[in-house]
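S.K.: Attaching a single structure in structure tokens format; questions to follow.
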Amino acid sequence: MVASPHERTWPPSRSRGHPSLRFRTNSFILPSLAILISGSLSSSSAHPEPGTKARIFCSSAAKIPPAQVRKNKYSLVLDHHYLRHMITSDMQASMLTPTASHPTSGLPTENKSHHRPPISSYSSVSSIGSNSSLLLLPEGDVEEVTEEGLRHADLKLEARKYKTPAFRQALLQVLQAIRVPTWTSSTLDPSLVKIAKVSGALTNAVFFVSYVGTAPASHSSTPHLTPHSSSSSLQLIAPRTVLLRIYGPSSSILISRADELHTLHLLSSNYRIGPRVYGTFQNGRVEEWFDSDTLKKEDMRDATQSRWIAMRMRELHSVDVLGIVGVSWNGQESLYKNIVSWQGAAQETLVMLEAKERKGEIPPGHVWHGRREELNLGKFMRAWEAYWSWLQKWESEFGRSEMVFAHNDAQYGNLLYANKLAPGKPEHHRIIVVDFEYAGPNPAAYDIANHFHEWTADYHSDTPHVLTASRYPTREERRNFYFGYLGSPVLGGTISASPVPSRSSSFHGSGSSSSINSLGVPSHHSSSGSLFPIDLSTTRGQAELEEAISILDGQVYAWSPASHAHWIIWGIIQASDDITNGEISDFDYLAYAADRMGKFYNDLSQRGIKW
Numbered sequence: 001m002v003a004s005p006h007e008r009t010w011p012p013s014r015s016r017g018h019p020s021l022r023f024r025t026n027s028f029i030l031p032s033l034a035i036l037i038s039g040s041l042s043s044s045s046a047h048p049e050p051g052t053k054a055r056i057f058c059s060s061a062a063k064i065p066p067a068q069v070r071k072n073k074y075s076l077v078l079d080h081h082y083l084r085h086m087i088t089s090d091m092q093a094s095m096l097t098p099t100a101s102h103p104t105s106g107l108p109t110e111n112k113s114h115h116r117p118p119i120s121s122y123s124s125v126s127s128i129g130s131n132s133s134l135l136l137l138p139e140g141d142v143e144e145v146t147e148e149g150l151r152h153a154d155l156k157l158e159a160r161k162y163k164t165p166a167f168r169q170a171l172l173q174v175l176q177a178i179r180v181p182t183w184t185s186s187t188l189d190p191s192l193v194k195i196a197k198v199s200g201a202l203t204n205a206v207f208f209v210s211y212v213g214t215a216p217a218s219h220s221s222t223p224h225l226t227p228h229s230s231s232s233s234l235q236l237i238a239p240r241t242v243l244l245r246i247y248g249p250s251s252s253i254l255i256s257r258a259d260e261l262h263t264l265h266l267l268s269s270n271y272r273i274g275p276r277v278y279g280t281f282q283n284g285r286v287e288e289w290f291d292s293d294t295l296k297k298e299d300m301r302d303a304t305q306s307r308w309i310a311m312r313m314r315e316l317h318s319v320d321v322l323g324i325v326g327v328s329w330n331g332q333e334s335l336y337k338n339i340v341s342w343q344g345a346a347q348e349t350l351v352m353l354e355a356k357e358r359k360g361e362i363p364p365g366h367v368w369h370g371r372r373e374e375l376n377l378g379k380f381m382r383a384w385e386a387y388w389s390w391l392q393k394w395e396s397e398f399g400r401s402e403m404v405f406a407h408n409d410a411q412y413g414n415l416l417y418a419n420k421l422a423p424g425k426p427e428h429h430r431i432i433v434v435d436f437e438y439a440g441p442n443p444a445a446y447d448i449a450n451h452f453h454e455w456t457a458d459y460h461s462d463t464p465h466v467l468t469a470s471r472y473p474t475r476e477e478r479r480n481f482y483f484g485y486l487g488s489p490v491l492g493g494t495i496s497a498s499p500v501p502s503r504s505s506s507f508h509g510s511g512s513s514s515s516i517n518s519l520g521v522p523s524h525h526s527s528s529g530s531l532f533p534i535d536l537s538t539t540r541g542q543a544e545l546e547e548a549i550s551i552l553d554g555q556v557y558a559w560s561p562a563s564h565a566h567w568i569i570w571g572i573i574q575a576s577d578d579i580t581n582g583e584i585s586d587f588d589y590l591a592y593a594a595d596r597m598g599k600f601y602n603d604l605s606q607r608g609i610k611w
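Take a look at the structure:
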């Protein structure tokens with residue numbers, strides 16, 4: 001048996017005490033109240049037909065309490081947390097039968113990555129004005145997503161026409177309508193707008209937008225369209241590069257654009273975390289661009305950068321969870337919700353794979369031949385339930401990990417190294433966390449465990465779907481990370497005082513929490529706002545540090561298998577399009593799911609979990 005990467009004695013000492021199902025279950029936005037009242041409120045079907053958003057909404061509307069509907073500036077929005085629970089329940093019922101320095105670069109060079117998940121779209125780019133083809137999803141209906149507090153342009157951009165003068169003209173109209181800073185002047189020349197496509201963007205079409213030349217700046221810090229008559233009196237500046245994201249058709253149950261936009265806006269505006277969202281348009285949004293380099297796998301092993309990543313993670317974990325996800329959140333982990341709600345789509349994908357194999361479309365010798373048997377979803381779910389039961393008992397005895405707002409995908413492609421640092425900013429803010437598609441409430445230890453598994457990935461290798469266990473961080477590398485995490489200052493000086501729902505006993509058993517908080521850190525805070533107000537100059541302080549590290553490492557050990565479980569289901573669903581098309585893309589999602597399934601079973605065996 002392979003030894004556990006956590007080389008320690010357990011438990012730690014405690015002195016203190018699918019395609020057919022691809023309707024959107026994540027969020028549902030009504031263009032107007034008329035849709036709500038015009039649909040049939042009495043349906044003979046107990047379960048919604050896949051792919052019919054209006055029918056899903058209206059067939060269930062009679063069951064929705066008024067409190068679950070909220071109004072914002074642009075549309076009537078059904079509370080997505082309530083609807084997730086309702087749709088998920090229906091689905092379940094129906095399924096019973098750096099390095100120290102980085103080179104400075106204006107626009108970073110192309111990063112040809114095999115991506116799981118995709119490489120960051122904030123710094124990876126091909127050449128400006130490239131004539132190469134763009135990998136785009138087929139044009140189709142795209143959900144219009146807006147967010148209260150963000151400017152919105154009632155305009156649409158066609159990604160396939162990004163090389164045309166008409167596209168540049170329409171783009172300028174969007175930028176001016178949503179008043180993107182430095183792009184508001186009416187004197188801007190569309191012919192001077194340069195558009196660079198981002199490599200690897202499959203879900204969305206992503207571009208960097210820059211300008212050759214200068215334009216009059218606005219007098220106001222909150223920019224308005226600059227009138228022609230005043231342009232001569234204004235300072236000439238170069239419009240800043242921005243990131244343009246044009247959505248593909250809404251076809252995935254894995255992520256919610258509405259949730260992602262909401263998260264991005266709140267994190268950037270309230271906490272200065274992640275890219276600023278300047279505004280939205282009918283089929284996309286405009287975001288802040290960072291002069292940065294995407295981290296490489298080796299960078300995560302650099303001791304300094306690892307501590308910085310930990311500090312940035314702690315800052316994210318310190319935001320007000322309820323302020324992001326809403327007061328209707330019931331305290332359930334997003335990873336648990338995903339695994340339960342995604343299994344139907346995963347099963348549909350495997351059924352499609354089996355059908356193609358029976359028809360001879362996947363002959364012996366094909367890399368997919370036999371995958372259906374290997375990816376036995378029934379066996380996996382039995383193992384998952386056994387693990388979850390074990391985890392409840394473990395936490396009842398040794399204490400629960402703190403529930404936080406987690407990134408849930410802190411791999412090197414989603415971490416940037418800023419080439420420039422604003423005056424007064426701490427050095428660890430060179431690390432910029434991006435791509436919040438999978439962000440949501442989870443235990444802190446889960447987010448850390450998932451990050452540690454990403455140390456074992458190389459998405460630029462010949463086998464990007466394989467995780468190499470020998471790359472898992474050693475005890476000392478983990479300790480270095482924990483030191484950065486536990487000692488990180490909290491945003492704004494204190495943890496939010498807003499109460500966070502306790503993690504429901506229906507998911508975790510009835511065990512009580514430890515007498516100290518789940519990170520092993522004293523509950524009070526220093527005047528500087530540090531989460532770790534321990535005097536390390538004393539023997540007692542050093543002992544407290546070691547205990548806190550030991551407790552956190554134990555929690556990471558306990559939550560480590562959950563990361564594999566989450567990405568197993570994700571990988572199976574992601575393979576659906578490849579199976580439909582009958583060809584494997586650059587990244588073999590089924591092989592990825594199989595690799596992580598093997599590691600999941602191995603982790604359970606190491607912990608003595610039988611299923």
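Note that the UniProt record's numbering has the sequence shown beginning at 1, numbered continuously upward. Idealized CB from N, CA, C, for every residue including glycine.
(1) Check this for me: beta carbons of residue 571 and residue 592, under 8 Å apart or not?
(2) Using only CA atoms, which one of 453, 595, 604 and 155 lies nearest to residue 383?
(3) Going by C-alpha distance, which of 407, 334, 541 and 211 is nearest residue 236?
(4) How many angstroms separate the CA atom of residue 421 from the CA atom of residue 239?
(5) Leaving out the 5 sequence neighbours to the left and right, which residues in its chain are closer than 6 Å to residue 192 when beta-carbon positions are compared?
(6) My output table needs one value for residue 243: the three-state DSSP class, helix, strand or coil.
(7) What residues match up with residue 152 in a beta bridge as DSSP calls it?
(8) Thinking C-alpha only, which one of 602, 243 and 547 is nearest residue 290?
(9) In whole angstroms, give me the CA-to-CA distance for residue 600 and residue 197.
(10) In three-state terms, what does DSSP make of residue 417?
(11) Leaving out five residues on either side along the sequence, give the residues of the same chain with a beta carbon under 7 Å from the beta carbon of residue 501.
(12) Where are the beta strand (DSSP E) runs, 3 residues long or more, that stay fully inside the region 372-444, in chain order?
(13) Note down the Cα distance separating residue 435 from residue 414, rounded to an integer number of angstroms.
(14) Please report the Cβ distance between residue 245 and residue 287, rounded to the nearest whole angstrom; I am assuming they are in contact, meaning their Cβ atoms lie under 8 Å.
(15) So, is residue 174 buried or exposed, given that buried needs 16 or more other C-beta atoms within 10 angstroms?
(16) Can you tell me which of the three DSSP states residue 216 falls into?
(17) To the nearest angstrom, how far is the alpha carbon of residue 308 from that of residue 401?
(18) Do the CB positions of residue 350 and residue 314 come within less than 8 Å of each other?
(19) Does the count of Cβ pairs from the region 467-481 and the region 361-380 closer than 8 Å reach three?
(20) Report the rounded CA-to-CA distance for residue 566 versus residue 338, giving the unit in angstroms.
(21) For the beta strand (DSSP E) that residue 204 lies in, which residues bound it at each end?
(22) Using the beta-carbon count (16 or more within 10 Å), is residue 66 buried or exposed?
(23) Buried or exposed for residue 462, going by 16 or more other Cβ atoms inside 10 Å?
(24) Who pairs with residue 588 in a beta bridge, going by DSSP?
(25) Quick one: residues in its chain with C-beta nearer than 6 Å to the C-beta of residue 411, no 5 flanking neighbours on either side, listed in chain order?
(26) What's the C-alpha gap between residue 611 and residue 395?
(27) Starting from residue 177, follow the alpha helix (DSSP H) in both directions and report where the run begins and ends.
(28) Within the same chain, show all residues whose beta-carbon is closer than 8 Å to that of residue 34, passing over the 5 residues directly before and after it, in chain order.
(29) How many angstroms separate the CA atom of residue 154 from the CA atom of residue 440?
(30) Return the Cβ separation of residue 450 and residue 318 in integer angstroms, given the expectation that the two are a contact with Cβ distance under 8 Å.
(31) Just verifying my parser: in three-state terms, what is the DSSP assignment at residue 294?
(32) Work out the CA separation of residue 466 and residue 348 for me, nearest whole Å.
(33) Can you grab the Cα-Cα spacing for the pair residue 619 / residue 426, in whole Å?
(34) Take the Cβ of residue 389 as the centre, count every other Cβ of all protein chains shown within 10 Å, and call the residue buried at 16 or more, exposed below.
(35) If distances are taken between C-alpha atoms only, which option among 546, 557 and 294 comes closest to residue 443?
M.R.: So, from the data block:
(1) yes
(2) 604
(3) 211
(4) 20 Å
(5) 211, 212 and 213
(6) strand
(7) 280
(8) 243
(9) 37 Å
(10) strand
(11) Unreliable placement is indicated for residue 501, whose pLDDT of 40 sits below 50; the coordinate value is still reported in the next sentence. Answer for residue 501: 329, 330 and 331, listed in chain order.
(12) 403-406, 415-418, 431-433 and 440-443
(13) 6 Å
(14) 6 Å
(15) buried
(16) strand
(17) 21 Å
(18) no
(19) no
(20) 7 Å
(21) 204-211
(22) Reliability fails at residue 66, whose pLDDT of 35 lies under 50, so the model's placement of it is uncertain and the value that follows must be treated cautiously. Residue 66 is exposed by the Cβ-count criterion.
(23) exposed
(24) In the DSSP output, where bridge partners are listed per residue, residue 588 has none listed.
(25) 454
(26) 19 Å
(27) 165-177
(28) In this prediction, residue 34 scores a pLDDT of 30, lower than 50, which makes its location untrustworthy; no coordinate-derived value is stated.
(29) 29 Å
(30) So it is not a contact: roughly 18 Å between Cβ atoms.
(31) strand
(32) 24 Å
(33) Since the first and last residues shown for the chain are 1 and 611, residue 619 lies out of range.
(34) exposed
(35) 557
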